Amino acid sequence: MKVTGKVRLIGNVQEVGNNGFTKRLIVIDTTEQYSQPIGIDFVKDKTDLLNNFSVGQNVEVSVNLRGNEYNSKFYVSLQGWKIDKSDVSAESTQEQQPTSNEKDNLPF
């Protein structure tokens, strides 16, 4: 599964627990008409993949969907394993926005 969008935030590497487990969060704003902020965790040795990226860059992130249960509640997370620069063009963003003629034809 892939998530494409613009980098909103790249977190610092966090150590979780006493076993040396590390994770790092990146937040991507999707390129849909109604953009969604998507949080993706990179874990262990994959945290270093985020070093070459910065806020505002267009990226494509390959993710695995993860789920777990804790105290009879279910949780879902996205775990990133690959990230590449993306060539999201301005045209795809413009295609999603209505033209001035379409705005005039609205019934309200």
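All residue numbers for the sequence shown refer to the working numbering, where the first residue is 8 and numbers rise by one. Beta carbons: idealized from backbone N, C-alpha and C, even for Gly. Model, not experiment: these values are computed from the prediction.
Check, Outcome
"Sheet register partners of glutamine 86 (DSSP bridge)", "Asp48 and Asn71"
"Alpha-carbon to alpha-carbon, isoleucine 35 and asparagine 58", "15 Å"
"Cα-Cα separation between valine 23 and proline 44, rounded to whole angstroms", "24 Å"
"Nearest residue (CA-CA) to aspartate 48, options Lys80, Lys13 and Ile17", "Ile17"
"6 Å Cβ shell around glycine 12 - same chain, five flanking residues per side excluded", "Ile35, Asp36, Thr37 and Thr38"
"Run of the beta strand (DSSP E) containing glutamine 21, from where it starts to where it stops", "21-23"
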